[in-house]
Amino acid sequence: LKLAAQELQHPNEAFQLSQFARYSCCHQLRMKVIAALVSVGLAIKVQDLQEPTKRFGATRMCKPACAPQCPQSSRTGVPCLPSADAWPYKTNQSWSVELGERILMAAKPSTSVTEKRCKGFKLFGDSAWCMAAFEGESSSQGLSFGIEQRDLWSETMSNAFHMPTMLFDCFQDPKSSPALAMIAPNAAGSCEGNPHHCYETHYDAFRTCLGPKEETVQGRKYNSLSNLLSKRVALSTHVKIDVEGSEWSVLEDLLDNKADMQKIRTLDMEVHFGFGAASEAAHRKGSKEEQVTREVQIFEKLAQKFAVSGSNIETNADGWQPAVSCPQQQCEEPVVHTHGGLPVNQFAISFVNPTLVH
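Right, dumping it as structure tokens:
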């Protein structure tokens, strides 16, 4: 272990070994790993040396950085995650673990995204916003993909940051979504104190979904991110994507378009690994492992091009109760999970354009 630690040159690899220490089921082995890391001068956070905390069949070997008062929103900082005391699933596929750990590594907040450089954070729901991204902008616009009944992301952009927004969803029935039906108060005055759907700044809504190209799939209209960004200038757009697995081809195209990436100030997403959305039908060839590997590779590239500001991985882990939900190893194995069994096939993550924090 010490020889392996001495070979580590990249911070991500050092973090990965410290994560192994964190998830080791044997306390004695874990302490040996930590001792090896410390002996070669690799930084180990104090939270990694906490006494174990057990809860509903899962044990945390660390302490969340936000403790003792952690928000129920997305959070900044490296997630402190538990491991199952007993394996809760029927199977334990090695590729599910490997891909799960790669996802966790890519989702780690970027070192450039500090509270000082961001001039503070705003944690709200599934978003962890770097506030530097909201300074000095007068012509920004918000694009929100995936509305459901109410879209608090676009309401916050409208009411807190006073920017116009465009909402897109082709699955949600407008009858149960005032915003999508365009009957919510729209630039009609202050929304302060109004608990209902309300937009202080103008918004538009469209019965259109986000996809890799402009087309109709199973009777639903899709449009591409590139089309919708075509008239935007650099650093002018805040984007939210929650499209139940339709994001991967969209992201793949975005990563191939440097000009479009530069137009995005912040990107808030809920990612879905292995969901098999209709718009992703062209990529459902091969094994499940091959399909998910492609998605993980896209996610890793995204985390290299944009700076991660936070996620709700740790928040999701707070509610994980393997002893309650899977007491007899009767649960199906998640398509991707950590060494400790925590599912990471669906979570929210926030990015900021790296030019705003460098």
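With my numbering as the guide, the letters of the sequence shown map in order to residues 784 to 1141.
Built from N, CA and C at the ideal position, the CB exists for glycine as well.
Nearest-angstrom Cβ-Cβ length linking residue i and residue j, presumed shorter than 8 angstroms
{"i": "residue 1048", "j": "residue 1011", "result": "Their Cβ separation, rounded to whole angstroms, is 15 angstroms, which puts residue 1048 and residue 1011 out of contact at 8 angstroms."}
{"i": "residue 851", "j": "residue 1092", "result": "Wrong, their Cβ atoms sit about 23 angstroms apart, outside the cutoff."}
{"i": "residue 989", "j": "residue 950", "result": "7 angstroms"}
{"i": "residue 1090", "j": "residue 896", "result": "5 angstroms"}
{"i": "residue 984", "j": "residue 1021", "result": "With 8 angstroms as the limit, residue 984 and residue 1021 do not qualify as a contact, their Cβ atoms being about 12 angstroms apart."}
{"i": "residue 952", "j": "residue 935", "result": "Contact doesn't hold; Cβ gap of about 14 angstroms is too wide."}
{"i": "residue 993", "j": "residue 1033", "result": "6 angstroms"}
{"i": "residue 1133", "j": "residue 910", "result": "5 angstroms"}
{"i": "residue 1038", "j": "residue 1088", "result": "6 angstroms"}
{"i": "residue 1107", "j": "residue 917", "result": "Actually they do not touch by this definition, with Cβ atoms about 40 angstroms apart."}
Candidates the options: closest to residue i by CA position
{"i": "residue 1079", "options": "890, 1001 and 905", "result": "890"}
{"i": "residue 968", "options": "955, 942, 1073 and 992", "result": "942"}
{"i": "residue 1059", "options": "874, 1128 and 1015", "result": "1128"}
{"i": "residue 1101", "options": "865, 845 and 835", "result": "865"}
{"i": "residue 1099", "options": "844, 853 and 835", "result": "853"}
{"i": "residue 1040", "options": "1009, 1016 and 1114", "result": "1009"}
{"i": "residue 1136", "options": "997, 1065 and 1051", "result": "1051"}
{"i": "residue 1212", "options": "1026, 972 and 1126", "result": "Residue numbering for the chain in the displayed model covers 784 to 1141; residue 1212 lies beyond these limits and cannot be assessed."}
{"i": "residue 874", "options": "965, 839, 1120 and 1132", "result": "1120"}
{"i": "residue 841", "options": "867, 1110 and 848", "result": "867"}
{"i": "residue 929", "options": "1132, 1035, 1030 and 1026", "result": "1026"}
{"i": "residue 863", "options": "1132, 1133, 1096 and 1118", "result": "1096"}
{"i": "residue 1131", "options": "966, 1023 and 1066", "result": "1023"}
{"i": "residue 924", "options": "1014, 1054 and 1056", "result": "1014"}
{"i": "residue 1070", "options": "918, 883, 1057 and 1082", "result": "1057"}
{"i": "residue 1109", "options": "1076, 870 and 979", "result": "870"}
{"i": "residue 1115", "options": "909, 879, 884 and 848", "result": "879"}
{"i": "residue 1016", "options": "1123, 916 and 1045", "result": "1045"}
{"i": "residue 1030", "options": "1066, 894 and 999", "result": "1066"}
{"i": "residue 947", "options": "978, 927 and 1064", "result": "927"}
{"i": "residue 877", "options": "1072, 1077, 1003 and 1113", "result": "1072"}
{"i": "residue 980", "options": "931, 999, 921 and 1001", "result": "931"}
{"i": "residue 1117", "options": "847, 1043, 881 and 1036", "result": "881"}
{"i": "residue 965", "options": "940, 974 and 933", "result": "933"}
Buried or exposed (CB count within 10 angstroms, at least 16 for buried), residue i
{"i": "residue 886", "result": "buried"}
{"i": "residue 904", "result": "buried"}
{"i": "residue 976", "result": "exposed"}
{"i": "residue 956", "result": "exposed"}
{"i": "residue 858", "result": "buried"}
{"i": "residue 954", "result": "exposed"}
{"i": "residue 987", "result": "exposed"}
{"i": "residue 835", "result": "exposed"}
{"i": "residue 1007", "result": "buried"}
{"i": "residue 831", "result": "Residue confidence for residue 831 is low, a pLDDT of 47 falling below 50, so the modelled location carries little weight; the figure read from the coordinates is stated next. Result: buried."}
{"i": "residue 1068", "result": "exposed"}
{"i": "residue 805", "result": "Note that residue 805 scores 48 on pLDDT, short of 50, meaning its location in the model is unreliable; the coordinates nonetheless yield the value given after this. Answer is buried; the Cβ neighbour count reaches 16."}
{"i": "residue 785", "result": "Confidence at residue 785 is low in this model, with a pLDDT of 49, below 50, so its placement is unreliable and no value can be given for it."}
{"i": "residue 826", "result": "Reliability fails at residue 826, whose pLDDT of 48 lies under 50, so the model's placement of it is uncertain and no value is given."}
{"i": "residue 807", "result": "Summary for residue 807: the model assigns pLDDT 46, below 50, so the residue's position carries little reliability, and this model does not support an answer."}
{"i": "residue 843", "result": "buried"}
{"i": "residue 1141", "result": "exposed"}
{"i": "residue 1138", "result": "exposed"}
{"i": "residue 1074", "result": "buried"}
{"i": "residue 915", "result": "buried"}
{"i": "residue 998", "result": "exposed"}
Residue i: first and last residue of the uninterrupted alpha helix (DSSP H) it sits in
{"i": "residue 1143", "result": "No answer is possible for residue 1143: the residues shown for the chain start at 784 and end at 1141."}
{"i": "residue 1075", "result": "1071-1088"}
{"i": "residue 1011", "result": "1008-1012"}
{"i": "residue 1105", "result": "1105-1108"}
{"i": "residue 900", "result": "898-901"}
Beta strand (DSSP E) segment containing residue i, residue limits
{"i": "residue 1048", "result": "1047-1055"}
{"i": "residue 1135", "result": "1129-1135"}
{"i": "residue 733", "result": "Past the edges of the chain, shown from 784 to 1141, lies residue 733, and the structure says nothing about it."}
{"i": "residue 1098", "result": "Run containing residue 1098: none in the beta strand (DSSP E); it sits in the alpha helix (DSSP H), 1096-1101."}
{"i": "residue 1122", "result": "Element bounds for residue 1122: n/a, residue is neither H nor E."}
{"i": "residue 1068", "result": "Here residue 1068 belongs to no beta strand (DSSP E), and DSSP marks it neither H nor E."}
{"i": "residue 837", "result": "836-838"}
{"i": "residue 986", "result": "986-989"}
{"i": "residue 1021", "result": "1020-1024"}
{"i": "residue 843", "result": "841-843"}
Query raised in the report: Which ranges would you report for the beta strand (DSSP E) in the region 903-974 if only whole runs of at least 3 residues count?
Result: You should have 904-907, 910-913, 924-928 and 948-951.
Report task. Note down, one range per segment and in chain order, each alpha helix (DSSP H) of at least 4 residues found wholly within the region 867-891. Result -> Segments of the alpha helix (DSSP H) lying fully in the region 867-891: 877-889.
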